[in-house]
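Enquirer:
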Amino acid sequence: MKKIKILSGIISAITLINCSSNDDSSQNNSNNNTSEVPAVYKKIYGAASITSDGTYVYIKTTGTPDHKSVYYPTGNSLYENFSGTTYGGYTFSKNPNSISTKNYTFKIPLNPAVNSAHPATPLGPIGVSLNGVPFFNQYAGPNQPLSGEIVSFDQWWGHPAQGGDYHYHVEPKYLTTVKVSKSALLGFLLDGFPVYGPEENGVAVTNTSLDAYHGHTSATADYPNGIYHYHITSSDPYINGNGFYGTPGTVSN
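With our numbering applied, the sequence shown closes on residue 331, and no number is skipped along the way.
#1: In terms of DSSP beta bridges, what is residue 183 paired with?
#2: For a quick check, are the C-beta atoms of residue 244 and residue 177 less than 8 Å apart?
#3: With residue 218 as the anchor, note down where its beta strand (DSSP E) starts and where it stops.
#4: Which one of 127, 278, 211 has the shortest CA to CA distance from residue 202?
#5: Classify residue 22 as helix, strand or coil using the three-state DSSP reduction.
#6: Could you compute how far the alpha carbon of residue 330 sits from the alpha carbon of residue 185?
#7: Measuring only the C-alpha atoms, how far is residue 352 from residue 114?
#8: Which of the three DSSP states is assigned to residue 106 in this structure?
#9: Quick one: any contact between the segment 243-262 and the segment 186-198, if contact means 3 or more CB pairs under 8 Å?
#10: Would you mind sorting residue 123 into buried or exposed? The rule is 16 or more other CB atoms within 10 Å of its CB.
#11: What residue range does the beta strand (DSSP E) around residue 294 cover?
#12: Tell me, please, whether the segment 225-240 touches the segment 273-284 by the rule of three or more beta-carbon pairs shorter than 8 Å.
#13: Got a sec, what are the start and stop residues for the beta strand (DSSP E) residue 207 sits in?
#14: To which residues of the same chain is residue 258 closer than 8 Å at the C-beta, ignoring the five residues directly before and after it?
#15: Counting only beta-carbon separations shorter than 8 Å, does residue 273 have a partner in chain D?
#16: Just tell me which of 142, 187, 247, 156 has its CA closest to the CA of residue 319.
#17: Run the proximity test for residue 270: is its beta-carbon closer than 7 Å to any non-hydrogen atom belonging to the ligand COA?
#18: Using 8 Å as the cut-off, can you tell me whether the segment 141-151 makes contact with the segment 219-237, which would need three or more C-beta pairs spanning the two stretches below that distance?
#19: Pull up the distance between the alpha-carbon of residue 311 and that of residue 317, whole angstroms please.
#20: From residue 290 to residue 228, what distance separates their C-alpha atoms?
#21: Quick check: what's the CA-CA separation for residue 197 versus residue 269?
#22: If we call anything under 8 Å between Cβ atoms a contact, is residue 129 one with residue 112?
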């Protein structure tokens with residue numbers, strides 16, 4: 079009887095060790111699925127979380143601006159009335175939409191590369207800015223120029239769509255004048271290539287100095303060895319031209 083009890087105890091101990099080993103293995107496998115996020119992505123201060131699996135960077139945001147806007151509900155602490163002149167010297171005319179909270183996940187290639195097909199940018203989010211607000215392209219709708227919507231840009235040059243998703247089609251004025259500068263990194267498009275402001279080394283960037291996709295390759299403060307990057311300018315197409323330079327990731331909401 080004593081021998082049986084001893085044998086039973088040994089079997090239990092072996093089982094416990096095996097279970098513990100399996101748990102450790104599962105934990106190690108889980109840890110292997112995550113990678114260090116490059117420091118440059120941590121400049122996206124409006125992100126709820128930023129993670130990487132070694133192939134993609136996953137950026138989660140609510141899409142709500144950290145600056146005041148006439149498009150916030152009047153009871154919100156960030157609501158601010160606005161009238162007068164907006165982007166391009168146009169007289170502001172408020173659209174009927176209000177800012178609402180979203181649950182974006184931007185899946186962006188960690189190592190962007192040129193795609194010779196240069197996929198077209200979609201309507202909706204084409205990238206993410208430093209404060210977590212999406213970038214949209216130069217169209218108000220399918221083949222519809224942005225000119226009819228510019229009057230509805232708020233005091234910081236953004237506005238919400240019908241579904242409440244606030245976004246920037248043009249220079250995010252709050253970032254370029256309050257948070258960073260006109261020469262600074264402002265975010266990333268879905269293909270992983272960075273977006274910079276309307277100046278480079280203090281000199282205004284013009285469309286003529288950029289390629290068809292609204293970018294060029296040179297060294298930047300964040301990429302001293304050089305990288306292809308987009309520039310926001312004051313005229314159409316503003317952020318991006320005839321498609322993504324690289325292969326875009328995805329965005330879900």
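Idealized CB from N, CA, C, for every residue including glycine. Predicted, not measured: the structure shown is a model, and the values here were computed from it.
Expert: Inspection of the coordinates gives the following:
#1: The residue labelled residue 183 in the question sits at position 105 within the sequence shown. DSSP, once it has assigned bridges, lists 138, 330 as partnering residue 183.
#2: Position 166 of the sequence shown, counted from the start, is the residue given in the question as residue 244. Position 99 of the sequence shown, counted from the start, is the residue given in the question as residue 177. Their beta carbons are under 8 Å apart, which means residue 244 touches residue 177 by this criterion.
#3: Counting from 1 along the sequence shown, the entry for residue 218 is found at position 140. Segment 217-219, the beta strand (DSSP E) holding residue 218.
#4: If you number the sequence shown from 1, residue 202 lands on position 124. It is 211 whose Cα lies nearest to the Cα of residue 202.
#5: It is not possible to answer for residue 22, since the shown part of the chain is limited to 79 through 331.
#6: Position 252 of the sequence shown, counted from the start, is the residue given in the question as residue 330. Position 107 of the sequence shown, counted from the start, is the residue given in the question as residue 185. The alpha-carbon atoms of residue 330 and residue 185 are separated by roughly 8 Å.
#7: The structure shown does not extend to residue 352, since the chain spans only 79 to 331, so no value can be given for it.
#8: Indexing the sequence shown from 1 puts residue 106 at position 28. Its pLDDT being 37, under 50, residue 106 is placed unreliably by the model, and the measurement read from it follows with that caveat. It is helical.
#9: no
#10: Locating residue 123 in the sequence shown gives position 45, counting from the first residue. By the 10 Å Cβ count, residue 123 comes out exposed.
#11: By one-based count along the sequence shown, residue 294 stands at place 216. It spans 293-296 - the beta strand (DSSP E) in which residue 294 sits, taken as one unbroken run.
#12: no
#13: Position 129 of the sequence shown, counting from 1, holds the residue named residue 207. Segment 205-207, the beta strand (DSSP E) holding residue 207.
#14: Along the sequence shown, read from residue 1 onward, the residue named residue 258 stands at position 180. If we look at residue 258 and ignore the five residues flanking it on each side, its Cβ neighbours are 208, 264, 275.
#15: The structure shown contains no chain D; it holds only a single protein chain.
#16: Here the question's residue 319 lines up with position 241 in the sequence shown. With distances taken between Cα atoms, residue 319 lies closest to 247.
#17: Within the structure as shown, the ligand COA is missing, as the structure has no ligands at all.
#18: yes
#19: Within the sequence shown, numbered from 1, the residue matching residue 311 stands at position 233. Within the sequence shown, numbered from 1, the residue matching residue 317 stands at position 239. Whole-angstrom Cα-Cα distance: 7 Å.
#20: In the sequence shown, residue 290 corresponds to position 212, counting from 1. In the sequence shown, residue 228 corresponds to position 150, counting from 1. Each residue's alpha carbon lies about 23 Å from the other.
#21: On the sequence shown, residue 197 is found 119 positions in, with the first residue counted as 1. On the sequence shown, residue 269 is found 191 positions in, with the first residue counted as 1. Rounded to the nearest angstrom, the two C-alpha atoms are 10 Å apart.
#22: Position 51 of the sequence shown holds residue 129. Position 34 of the sequence shown holds residue 112. Yes, the Cβ-Cβ distance between residue 129 and residue 112 is below 8 Å.
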